[in-house]
Amino acid sequence: MPFVRGVPLSRSSESPAGLPERGRRAGRAAVPVQSQGLVQSQGLVQSQGLVQGHGPVQSHGSVQSHGSVPVPQEARTRNPVRTPARIPVPEPVSASTRTSAHSKGLGRFNGWTGDLAEAALLECCGSRRWAQRMAAHRPYPDLASLLAASDEAGYDLGPTDLAEALASECAPCLHHEAPRAAHLALRAAHAAYEHSFGHVFVICMDGVPPSQHVDQVLTAIRARLANDPDEERSLTAEEMRRLARGRIIELVTAAGRPDPLL
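Be aware that the sequence shown starts at 678, since it is given in my numbering, and climbs by one per residue.
This is how it looks when you write it as structure tokens:
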């Protein structure tokens with residue numbers, strides 16, 4: 678069964694209502710415009726004064742007045758016009774903020790003991806040789822250097838190392854509300870894959886919406902079942918490298934939080 682990713686490893690000066698209301702920008706409270714004139718034949722109300730500083734209301738010649746009809750007081754105040762409050766939109770996390778978090782997390786990662794670093798790295802890739810090599814090459818100056826080292830160590834994995842890493846991959850868990858047919862189809866596809874290649878199916882799903890995971894996995898399994906063993910071994914190793922990169926980024930991000938997991 679594969680490990681389907683896409684889920685994290687762990688875990689304005691304006692008022693909350695947004696911009697000031699229109700009436701307040703003009704230095705007065707927002708109030709409804711009340712009519713003081715005639716009700717026209719088409720249901721339009723003419724005003725005889727100024728409408729909130731926008732000038733006199735002009736009458737169109739094609740609209741004829743049919744007399745003066747007073748507007749009841751209760752009709753004027755029953756549904757006052759209110760300026761809707763703007764819903765505040767969260768500001769996106771800037772690149773500088775992410776870089777700062779990565780720098781802090783990388784500093785903590787570099788300072789961990791060897792055993793602690795290896796244990797954390799084994800959660801990124803299950804090969805002990807890979808984890809020991811990555812931990813031994815600390816400190817890393819930046820995240821890019823750490824990811825480059827991960828790729829290099831991944832390319833050097835032999836068949837035994839890759840088999841060890843694949844053995845640590847766990848099956849994905851579908852949401853309990855997923856249709857029973859989806860569970861059955863995924864189970865059958867995994868069984869066919871493992872029967873053909875002798876190991877679990879792995880694929881990196883970074884950037885794929887969770888709602889599309891099952892379809893993407895089923896499509897990929899069916900396509901890769903046509904590969905010969907050497908082709909599939911190469912594809913599997915590449916997917917493991919991609920998985921390790923994504924997990925390392927999550928590890929460093931988590932380590933940079935005020936209350937890191939490790």
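Cβ coordinates follow ideal geometry from the N, Cα and C atoms, glycine included.
As the structure is a computational prediction, the values presented were derived from the model and not from experiment.
- For the set Leu834, Pro935, Arg857, the Cα lying nearest the Cα of Glu915 is the one of Leu834.
- As for any alpha helix (DSSP H) of minimum length 4 sitting wholly inside the region 832-889, the runs are 836-844, 857-874, ordered along the chain.
- Per the C-alpha coordinates, the member of Ser873, Cys802, Pro887 positioned closest to Asp907 is Ser873.
- When the alpha-carbon of Leu783 is set against those of Thr913, Ala821, Thr896, Leu912, the nearest one is in Ala821.
- Annotation for Leu928: the continuous alpha helix (DSSP H) segment containing it runs 906-932.
- CA-to-CA, the gap between Asp883 and Leu920 works out to about 8 Å.
- By the criterion of at least three beta-carbon pairs nearer than 8 Å, the region 859-878 is in contact with the region 896-905.
- By the neighbour-count criterion, in which a residue is buried when 16 or more other Cβ atoms sit within 10 angstroms of its Cβ, Leu839 is buried.
- For Trp807, the enclosing alpha helix (DSSP H) starts and ends at 805-813.
- Spatial neighbours of His814 in its own chain (CB-CB distance under 8 Å, excluding positions within 5 residues in sequence) are listed in chain order as Ala826.
- Secondary structure note for Glu795: its alpha helix (DSSP H) is the uninterrupted segment 791-799.
- For Leu843, same chain residues with a beta-carbon under 8 Å away, outside a window of 5 residues either side, are Gly803, His876, Val877, Val879, Thr913, Met917 in chain order.
- Leu928 sits close to Cys801, with the two beta carbons spaced by under 8 Å.
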